[in-house]
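FYI, our numbering numbers position 155 of the sequence shown as 161, with every residue one higher than the one before it.
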Amino acid sequence: MDTFLLITITGIGLGALYFLVASGLSLIYGLMGVLNFAHGTFLTVGAFVGLWVSTQVFDVSNTWTFLVAIIAGGIAAGIFALAMEQLVITKLYERHIDQALVTVGVSLVVGAILAGWFTNDLRLMPTPAWFINTVVIGEARIPVDRFLYIGVSLLLLLMMLAIMKYTRIGLV
């Protein structure tokens, strides 16, 4: 039973992480009709900025520096996505094949730039100790990060539902 619990919660946590990534892609395509193959690039830019902030700006790993790095990465990803939308995507509305080609190209170029800047070596984001701990339920040791993924995903889902139901953006 403990193995079942571990696999179930870990699997739901992984699914929640996938939801966090896919929800943005789905929202962009659903509301704007933009087929954006560079969506993962936004996440990559945010991850690398977060890594840079946590390793170059701060030299200690605690909860506050971790949160600052995550927020900085999110802001950087948002700025990059907004710049790409304003400079590239607005010229390609209703041209889906061109959208696909350009966004794949942007993804390849940005990936190459980041690989040249940060190298392709594996780097781990410094995380606070509580993030890598486990919660013991029965005999199962469940990683804390899975609960965080589930909680953030539920919060994002509720926010998206509220936006889609109660704002002009969602009612279009």
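Backbone N, C-alpha and C fix where the C-beta goes; we use that ideal spot for every residue, glycine too.
- Contact between the segment 27-41 and the segment 74-85 is absent: fewer than 3 CB-CB pairs across the two stretches fall below 8 Å.
- Inter-segment contact for the segment 15-27 and the segment 150-160 is present: three or more beta-carbon pairs are separated by less than 8 Å.
- Apart from sequence neighbours up to five positions away, the residues of its chain that approach Phe48 with a beta-carbon distance below 7 Å are Ala83, Phe86, Ala87, ordered along the chain.
- Taking 3 residues as the minimum length, the beta strand (DSSP E) runs contained wholly in the segment 93-144 are 140-143, in order along the chain.
- In the structure shown, Ala146 falls within a strand segment according to DSSP collapsed to helix, strand and coil.
- Within the same chain, no Cβ atom closer than 6 Å to the Cβ of Thr9 is found once the five residues on either side in sequence are excluded.
- The three-state reading of DSSP puts Ser67 in coil, since its state is none of H, G, I, E or B.
- For the pair Leu57 and Arg129, the CB atoms are nearer than the 8 Å cut-off.
- Between Phe54 and Leu120, the C-beta spacing is below 8 Å.
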